[in-house]
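Residue numbers (the working numbering), protein chains in the order written: chain A, 1 to 354; chain B, 355 to 608.
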């Protein structure tokens with residue numbers, strides 16, 4: 001598939017997963033991500049793969065755990081309330097150092113919330129979500145093309161670092177249709193000698209396990225895991241910078257909020273306001289250095305989010321509170337308009353003049 | 355001197371952590387013996403539960419996975435779907451299988467997932483120190499039913515074999531006990547059959563094994579075995595509850 005095809009964001013994820021060699025998908029219906037399951041249900045049987053509708057999100061993530069333990073690529077997808085249910089399994093996957101891809105097409109919360117787009121699972125995704133010390137690599141697509149690209153990349157990152165990877169999308173990107181060009185993909189050649197594929201009576205048994213009753217050993221395993229995380233923090237941050245070189249004001253925004261913000265940046269530039277945008281593509285690892293550097297010149301930051309202000313904490317940490325960081329947000333399934341972002345830019349610009 | 359009794363190859367040399375008189379050791383042995391007899395150790399992957407058998411991954415010599423509480427049938431589903439030619443079994447207790455993991459149990463059964471489930475029912479939560487289980491008997495005193503299980507307050511014990519055998523899905527459901535030699539021999543046969551069914555791609559087999567917990571029942575090991583006979587077996591009758599292949603054969607003969 002090298003031609004451009006018009007696809008829904010959710011379908012792009014599904015097709016990219018297949019391109020990445022994933023042949024095991026487990027899911028449970030929940031709006032607004034159900035297209036992924038529907039797409040997999042159609043495609044998997046035709047290519048010798050497995051689509052299974054699980055009895056719950058909990059079962060689905062544990063099926064993923066089983067396939068991952070067997071050393072094969074597996075994924076599940078859900079939306080916010082379903083991700084809460086999967087969090088137990090994600091913690092176990094992290095604790096067992098298994099690779100897996102989890103897609104969260106976010107909707108408004110808390111509780112049952114709504115079915116409209118949201119980014120209010122930022123904390124849950126970037127801080128782990130389940131119990132214990134662990135992280136997921138969190139990828140935030142802003143375009144349907146990125147839904148595909150980051151799915152391919154996500155499977156690789158999961159295998160390289162032996163950890164769960166989450167695609168943190170939202171209802172807008174999931175439902176939106178845009179042209180997609182599926183990238184040529186060469187599968188990674190990574191040995192999974194830890195997998196439980198049967199001893200064939202040729203080796204000592206492999207054990208996939210997160211239980212460790214000796215505190216010294218459990219501490220050691222946490223230390224070792226965090227050594228791997230350190231490598232992720234150093235090597236894997238991804239972000240897009242837009243008109244930041246001379247910017248007095250920097251907008252931080254990911255996913256759909258970044259697209260809205262870009263429009264606002266363009267409008268503000270026409271008015272002579274020097275404003276730029278940093279769009280984190282990886283939310284964990286957060287592109288700290290980009291913000292740190294930007295803070296040398298920029299005088300203020302605005303975090304544009306579809307939440308009550310979650311990523312703003314990472315922006316504040318990244319700029320070491322040297323500069324004020326303002327919040328511009330809508331929640332509950334509402335999306336900030338470019339006008340709202342523009343008026344926030346003007347307001348901050350006025351503040352800077354004072 | 356010829357060896358008349360030996361440890362199955364499918365058990366490791368790790369010392370078991372189970373309490374004196376606990377029948378988990380017997381059940382581990384029966385599972386390992388079935389694996390030996392069928393010569394499947396090299397292709398078998400076991401799934402350990404949360405509960406007393408949580409460290410079963412150290413005891414079986416085949417590849418092992420430790421699952422979250424109750425999720426073993428879902429994990430086994432993933433393993434089996436990823437490796438249809440491998441033999442996958444779960445080893446679960448009553449809290450794991452019949453309480454927190456009930457949904458996973460019922461749905462793996464109804465899908466006729468081609469796995470083998472060893473269900474150890476000792477009517478109590480052992481690992482956490484003796485709390486009421488979904489299978490604790492009416493009136494049974496536990497840490498969380500100190501005045502005896504009051505069925506008006508917390509309902510009746512769950513009879514897993516009776517419940518699952520009403521589903522169209524599963525291939526084989528049998529209840530056995532390990533409180534005496536005769537019952538142990540029957541349990542050995544049942545467990546072996548549950549693995550054979552999987553080899554023959556027949557589908558979901560579950561063997562419920564009535565087991566003892568002298569420590570948390572507050573009895574001597576010997577007394578615990580008679581308690582099985584006198585109290586557990588009358589409430590949980592032994593026998594084959596579902597054998598679809600046999601039913602089919604019977605149907606053909608008629």
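Every residue gets a Cβ at the ideal spot worked out from N, C-alpha and C, and that includes glycine.
For residue 509 (chain B), count neighbouring Cβ atoms within 10 angstroms of its own Cβ and tell me buried if that reaches 16, exposed if not. Residue environment: residue 509 (chain B) is assigned as exposed (fewer than 16 neighbouring CB atoms within 10 Å of its CB, all protein chains considered).
So which residues of chain A does residue 431 (chain B) contact, with C-beta pairs closer than 7 angstroms? Listed along the chain, the chain A residues whose CB falls inside 7 angstroms of the CB of residue 431 (chain B) are 63, 66.
Starting from the N-terminal side, write out each stretch of the beta strand (DSSP E) that is 3 residues or longer and does not extend beyond the region 427 to 466 of chain B. Qualifying beta strand (DSSP E) stretches, in chain order: 441 to 447.
Taking 7 angstroms as the CB-CB cut-off, is residue 413 (chain B) touching chain A? Not closer than 7 angstroms to any Cβ of chain A, the Cβ of residue 413 (chain B) fails to qualify, so no.
On the criterion of 16 or more Cβ atoms from any shown chain inside 10 Å, does residue 1 (chain A) qualify as buried, or is it exposed? Its pLDDT being 49, under 50, residue 1 (chain A) is placed unreliably in this model, and the value from its coordinates should be taken loosely. That one is exposed.
Against chain A, which members of the region 490 to 517 of chain B pass a CB distance test of less than 7 angstroms? Within the region 490 to 517 of chain B, no residue qualifies.
Scan the region 452 to 464 of chain B for residues whose Cβ lies nearer than 7 angstroms to a Cβ of chain A and list them as they occur along the chain. Result list: 457, 458, 461.
With contact counted as at least three CB pairs below 8 angstroms, one residue from each stretch, are the region 567 to 574 of chain B and the region 409 to 416 of chain B in contact? Contact fails: fewer than three Cβ-Cβ distances are below 8 angstroms.
Does the CB of residue 242 (chain A) have a neighbour CB from chain B at under 7 angstroms? No, no contact with chain B.
Starting from residue 92 (chain A), find everything on chain B with Cβ-Cβ shorter than 7 angstroms and list it in chain order. Chain-order list of chain B residues neighbouring residue 92 (chain A): 422, by C-beta distance under 7 angstroms.
For the alpha helix (DSSP H) holding residue 394 (chain B), just list the boundary residues, first then last. For residue 394 (chain B), there is no enclosing alpha helix (DSSP H), as DSSP gives it neither H nor E.
Please confirm if residue 191 (chain A) has its CB atom under 7 angstroms from at least one CB of chain B. Not a single CB atom of chain B sits nearer than 7 angstroms to the CB of residue 191 (chain A).
On a Cα-Cα basis, can you pick out the residue from A:176, A:157, A:161 that is closest to residue 167 (chain A)? The candidate whose alpha carbon is nearest that of residue 167 (chain A) is A:157.
Check each candidate in A:98, A:218, A:140 and name the one with the smallest Cα separation from residue 62 (chain A). Closest by alpha carbon: A:98.
With DSSP as the reference, please indicate the residues paired to residue 506 (chain B) in a beta bridge. Beta-bridge pairing links residue 506 (chain B) to no other residue.
Name the residues in the region 383 to 406 of chain B whose C-beta lies less than 7 angstroms from a C-beta of chain A; which are they? Answer in chain order: 395, 396, 397, 398, 399.
Using a C-beta to C-beta distance shorter than 8 angstroms, which residues of chain A count as neighbours of residue 533 (chain B)? Contact note: residue 533 (chain B) does not reach chain A at a C-beta cutoff of 8 angstroms; the least C-beta distance is about 30 angstroms.
For residue 284 (chain A), the first and last residue of its enclosing alpha helix (DSSP H): Here residue 284 (chain A) belongs to no alpha helix (DSSP H); instead the beta strand (DSSP E) covers 282 to 284.
Closest Cβ-Cβ distance between residue 471 (chain B) and chain A: below 7 angstroms? Under the 7 angstroms criterion on CB atoms, residue 471 (chain B) is classed as non-interfacial with respect to chain A.
At which residue ranges does the region 133 to 202 of chain A contain complete beta strand (DSSP E) runs of 3 or more residues, listed in the order of the chain? With a minimum length of 3 residues, the unbroken runs of beta strand (DSSP E) contained wholly in the region 133 to 202 of chain A fall at 137 to 139, 164 to 170, 177 to 181.
Is the CB of residue 222 (chain A) under 7 angstroms away from at least one CB in chain B? Closer than 7 angstroms to the CB of residue 222 (chain A) there is not a single CB belonging to chain B.
For residue 1 (chain A), the three-state DSSP class (helix, strand or coil): Note on residue 1 (chain A): pLDDT 49, under 50, position unreliable in the model; the coordinate value appears next. In the structure shown, residue 1 (chain A) sits in coil (DSSP, three-state: anything other than H, G, I, E or B).
Hey, how far is the Cα of residue 352 (chain A) from the Cα of residue 339 (chain A)? Their backbone Cα atoms lie some 20 angstroms apart in a straight line.
So that I know if they touch, is there some Cβ in chain A lying closer than 7 angstroms to that of residue 481 (chain B)? No, residue 481 (chain B) lies away from the interface with chain A (no Cβ there is under 7 angstroms from its Cβ).
Complete runs of the alpha helix (DSSP H) confined to the region 5 to 34 of chain A [at least 4 residues]: Fully enclosed alpha helix (DSSP H) runs of 4 or longer: 9 to 19.
Do you know how far the Cα of residue 528 (chain B) is from the Cα of residue 6 (chain A)? Going from the Cα of residue 6 (chain A) to the Cα of residue 528 (chain B) covers about 54 angstroms.
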